[in-house]
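Novice: Just so you know, the sequences run in chain order A and B.
For the first sequence, the numbering used here gives the first residue as -17, with consecutive numbering after it.
For the second sequence, the numbering used here gives the first residue as -17, with consecutive numbering after it.
We put the CB at the ideal spot given by N, CA and C, even for glycine.
Predicted, not measured: the structure shown is a model, and the values here were computed from it.
Number of protein chains: 2
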Amino acid sequence: MLERVEARLAGFLAGERREWAELNPDAVELVDCVAHMVASGGKRLRPSFCIAAYLAAGGDPASDQAVDAAAALELLHTSALLHDDVFDASELRRNEPTAHMRHATLHTDRGWHGEARRYGESVAILAGNLGLVYAQRLMDGSSPHARRVWGELCTELMVGQFLDVRAAARFQPDVPLARWIALFKSGRYTVSRPLALGAALAGGSPRLLAAFEEYGLAVGEAFQLRDDLLDAFGSAEVTGKPARLDFKQHKMTLLMSFALSDEPEVRALVGDDLPGTDPDELHALLIRTGIRDRVEAVIAERLKVADEAVSTALPPAWAAQLHAMAQAAVYREK
Amino acid sequence: MLERVEARLAGFLAGERREWAELNPDAVELVDCVAHMVASGGKRLRPSFCIAAYLAAGGDPASDQAVDAAAALELLHTSALLHDDVFDASELRRNEPTAHMRHATLHTDRGWHGEARRYGESVAILAGNLGLVYAQRLMDGSSPHARRVWGELCTELMVGQFLDVRAAARFQPDVPLARWIALFKSGRYTVSRPLALGAALAGGSPRLLAAFEEYGLAVGEAFQLRDDLLDAFGSAEVTGKPARLDFKQHKMTLLMSFALSDEPEVRALVGDDLPGTDPDELHALLIRTGIRDRVEAVIAERLKVADEAVSTALPPAWAAQLHAMAQAAVYREK
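Shown next, in the form of structure tokens:
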């Protein structure tokens, strides 16, 4: 089914490209901006969770509804990444210049009028909007229940991103808020809502939905913690993103939130000024004070919670499959 | 029915506000940003065209589907305005600071971290995204046919905005392209697609749909020409927007496109550098060369086409109603 998701994504975008090439060839640049991000090697986590839940809940593998919904999740994610890179002023994504950087460069190279930064960012925002609209169109054939789950998922994504941007600007160590944002922005969006969407399409039982919810929130939090650790300790060559971007963007990540509230030494170093803090010093301190290890322990504990949630609600083969998926999501290198 | 549209908009947003206030009070800022734009005195053109078409095509006035779809159109428009103001770096909308300006000021006043401009723009973009998601959710109860029309409308809006941003940056006098953009960005989006949506919900005949399409494209083009004239010759106090913003943003409007391709004197004044052109001189020249009058003649001619299209397809009372709506849209002062 995941192969059919890829074919659906490629086919849908190729169809749009063809239609716009006939109507107005300039428009193809925007479609291509979406297609480029879709084709740039995402992990397809959200489609995988959606399809797994659909099949585990007894959904018909021959049906196209779950394939379309999984493709919609990937397009929604594409949209979120295009926008996020603008909000974060990120220059690299998956080892390539980000969309807004590419289009700002095009603007300069072509000697066009106005501000190159604004042009690049406008194109990336509009490409994200187009991705969101495409995602929506792929959901048109879904059941009312699945579309309701989808609407909640999209709403939570936008609010979660806002809270993230707001917390980064405000920058106060606040563990409950950082957890809450991780829960909404990553936990629900990446794991539990895609599972709920798949289960809704298959008509899963309330007991199954509750188990997916518990599993999803636990894996989602662990996933976000891994994200923070990769940013802080990973290598840019492997992740495809600049190292320590969260530090540079003074993001109030779960990791920083733990560190600032639990370690007086970290608080003393950062003070009121994360942007002015030496990243190398901070990096060394997070290791020396054991924050890194403590976060690894939380990840392992969350995985255990996730395993228990599905082991009682699912047949052993599907529980094992979801265990493997959680492991892969949480112990990834990029 | 338009009163029920207002009640639906207010009720939906109040419900979201209440839910988020319980979940996370900070999130309310984003909902309020959408609600503020919705409540700031829009003309409700798109809901009006949608409801008119629905009733003219024999739709049941007691049904909520058309009310929801009309409310969705207004939320989509809210979303587009929030984004447009960022793309255009507009400082005023409806006589108030734009959303991105307000939130940039909040950022500065609160002494927050990072760049105030980026923060304000990120909040406005996310509020626009939330408006789009809300619009989508209001369409969930519509028929598959209506949802297909909606999906096309949203796609055309995003592509139209991209072509607009691109043409402003490229800035070459190109009448066919400027017409095409006006057609997609305003004509279809403001008039013919809302009409098609209303007619689809009522199950209108193909003959009626064709008449709405012809009327919509003609009124839409006239509407866009009026927009350009108001920008060039209107007063900021009446329109609520800074005067001659299109000049300052070197937008390749229909008006500028006509002027540059038809009048050697305008071409000589502007040369390759609209941003460097004196707005007062340009303004005087557009009047002296008769461009302004010529555009008024095109508007009158488009209105005639629109009237003819509906007068043969609709009962006289509805033809008169659509005539009055076209007049109001096209001979407006703001």
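Using a cut-off of 9 Å between C-beta atoms, extract the partners of residue 114 of chain B located in chain A.
Specialist: Within 9 Å Cβ-Cβ: 111, 114, 115, 118, 136, 140.
Novice: DSSP three-state call for residue 75 of chain B: helix, strand or coil?
Specialist: Looking at residue 75 of chain B - three-state DSSP - the assignment turns out to be strand.
Novice: For residue 145 of chain B versus residue 6 of chain A, is the C-beta distance shorter than 8 Å?
Specialist: Yes, they are a contact pair.
Novice: Just to confirm my understanding: we take residue 311 of chain A, look at its own chain, exclude 5 residues before and 5 after, and list those with CB closer than 7 Å. What are they?
Specialist: So the list reads 27, 201, 205, once near-sequence residues are dropped.
Novice: By how many angstroms is the C-alpha of residue 233 of chain A removed from the C-alpha of residue 156 of chain A?
Specialist: Residue 156 of chain A and residue 233 of chain A: Cα-Cα distance of roughly 12 Å.
Novice: Would you mind reading off the limits of the alpha helix (DSSP H) that contains residue 91 of chain A?
Specialist: Here the alpha helix (DSSP H) through residue 91 of chain A covers 81 to 91.
Novice: Short of 7 Å in beta carbon distance, which residues of its chain neighbour residue 99 of chain A, apart from the five on each side in sequence? Order them along the chain.
Specialist: So the list reads 86, once near-sequence residues are dropped.
Novice: For the region 65 to 90 of chain B, which residues have a beta carbon sitting closer than 7 Å to at least one beta carbon of chain A?
Specialist: Hits within the stretch, in order: 65, 69, 71, 89.
Novice: Under 8 Å Cβ-Cβ, which residues of chain A neighbour residue 100 of chain B?
Specialist: Under the 8 Å cutoff, chain A gives 69, 71.
Novice: So what does DSSP say about residue 124 of chain B, is it helix, strand or coil?
Specialist: Coil at residue 124 of chain B, not helix or strand.
Novice: Please classify residue 247 of chain B: is it buried, with 16 or more other beta-carbons within 10 angstroms of its beta-carbon, or exposed?
Specialist: It counts as exposed.
Novice: Would you say the region 260 to 280 of chain A touches the region 207 to 218 of chain A, given that touching needs at least three Cβ pairs under 8 Å?
Specialist: Yes: at least three Cβ pairs fall under 8 Å.
Novice: Measuring straight from C-alpha to C-alpha, what distance separates residue 130 of chain A and residue 116 of chain B?
Specialist: C-alpha separation (whole angstroms): 12 Å.
Novice: Between residue 9 of chain B and chain D, is the shortest Cβ-Cβ distance under 8 Å, so that the two count as touching?
Specialist: Among the protein chains in the structure shown, which are A and B, there is no chain D.
Novice: How would you list, in chain order, the residues of chain A whose beta-carbon sits under 8 Å from the beta-carbon of residue 107 of chain B?
Specialist: Ordered by position in chain A, the residues that pass the 8 Å Cβ test against residue 107 of chain B are 65, 68, 69, 107.
Novice: Go through its chain and collect everything with a Cβ distance to residue 104 of chain A's Cβ below 7 Å, but skip five positions before and after it.
Specialist: Excluding sequence neighbours, residue 104 of chain A sits near nothing in its chain.
Novice: Taking the alpha helix (DSSP H) that residue 154 of chain A belongs to, which residues open and close that run?
Specialist: Unbroken run through residue 154 of chain A: none, as it is neither H nor E.
Novice: Should residue 61 of chain A and residue 96 of chain A be called a contact, given that it needs their Cβ atoms to be closer than 8 Å?
Specialist: No. Outside cutoff.
Novice: Under 9 Å, CB to CB, which of the residues in the region 144 to 161 of chain A have a partner in chain B?
Specialist: Taking 9 Å as the Cβ-Cβ cut-off against chain B, the residues of the region 144 to 161 of chain A that qualify are 144, 145, 147, 148, 149, 150, 151, 152, 153, 159.
Novice: Could you check whether the region 147 to 165 of chain A touches the region 177 to 184 of chain A, counting it as contact only if at least three pairs of C-beta atoms, one from each stretch, sit closer than 8 Å?
Specialist: These segments do not touch.
Novice: Would a C-beta distance cut-off of 8 Å place residue 128 of chain B and residue 51 of chain B closer than the cut-off?
Specialist: Closer than 8 Å, so yes.
Novice: Give every residue of the same chain whose Cβ lies closer than 7 Å to the Cβ of residue 308 of chain B, excluding the five residues on either side of it in the sequence, and list them in chain order.
Specialist: Result list for residue 308 of chain B: 201, 285, 288, in chain order.
Novice: Return yes when the Cβ of residue 133 of chain A is within less than 8 Å of the Cβ of residue 46 of chain B, no when it is not.
Specialist: No; because the gap between Cβ atoms is not below 8 Å, this pair is not in contact.
Novice: What number of angstroms, rounded off, separates the C-alpha of residue 249 of chain B from the C-alpha of residue 151 of chain B?
Specialist: C-alpha separation (whole angstroms): 18 Å.
Novice: Taking residue 12 of chain A as the query, report the chain B residues whose CB atoms sit under 8 Å from its CB, ordered along the chain.
Specialist: 140, 141, 144, listed in chain order.
Novice: Under 8 Å: do the region 293 to 308 of chain A and the region 29 to 38 of chain A share three or more Cβ pairs, one atom per stretch?
Specialist: Verdict: yes, contact present.
Novice: Between the Cα of residue 74 of chain B and those of B:227, B:147, B:-16, spot the shortest distance and give me the residue it belongs to.
Specialist: If we check each option's Cα against that of residue 74 of chain B, B:227 comes out closest.
Novice: Quick one: which unbroken alpha helix (DSSP H) runs of 4-plus residues sit fully inside the region 238 to 290 of chain A? Chain order, please.
Specialist: Within the region 238 to 290 of chain A, the complete alpha helix (DSSP H) runs of at least 4 residues are 246 to 252, 261 to 270.
Novice: Roughly how many whole angstroms lie between the Cα atoms of residue 32 of chain A and residue 194 of chain A?
Specialist: Distance between the alpha carbons of residue 32 of chain A and residue 194 of chain A is about 11 Å.
Novice: Closer than 8 Å by beta-carbon distance: list the chain A residues that pair up with residue 122 of chain B, in chain order.
Specialist: Going along chain A in sequence order, the residues near residue 122 of chain B (Cβ under 8 Å) are 126, 129, 130, 133.
Novice: Considering only C-alpha positions, which residue in the set B:-4, B:-2, B:78, B:42 is nearest to residue 24 of chain B?
Specialist: Ranking the options by Cα distance to residue 24 of chain B, first place goes to B:78.
Novice: Going by C-alpha to C-alpha distance, which of B:106, B:197, B:120 sits closest to residue -2 of chain B?
Specialist: Minimum Cα distance to residue -2 of chain B is reached at B:120.
Novice: Listed in chain order, which residues of the region 286 to 303 of chain B have Cβ atoms closer than 7 Å to some Cβ of chain A?
Specialist: Cβ contacts with chain A come from no residue of the region 286 to 303 of chain B.
Novice: Start and end of the alpha helix (DSSP H) containing residue 95 of chain B?
Specialist: Unbroken run through residue 95 of chain B: none, as it is neither H nor E.
Novice: CA-CA distance, residue 207 of chain A and residue 141 of chain A?
Specialist: Going by the C-alpha atoms only, they are around 20 Å apart.
Novice: Using a C-beta to C-beta distance shorter than 8 Å, which residues of chain B count as neighbours of residue 45 of chain A?
Specialist: The contacting residues do not exist; residue 45 of chain A stays about 17 Å from chain B at best.
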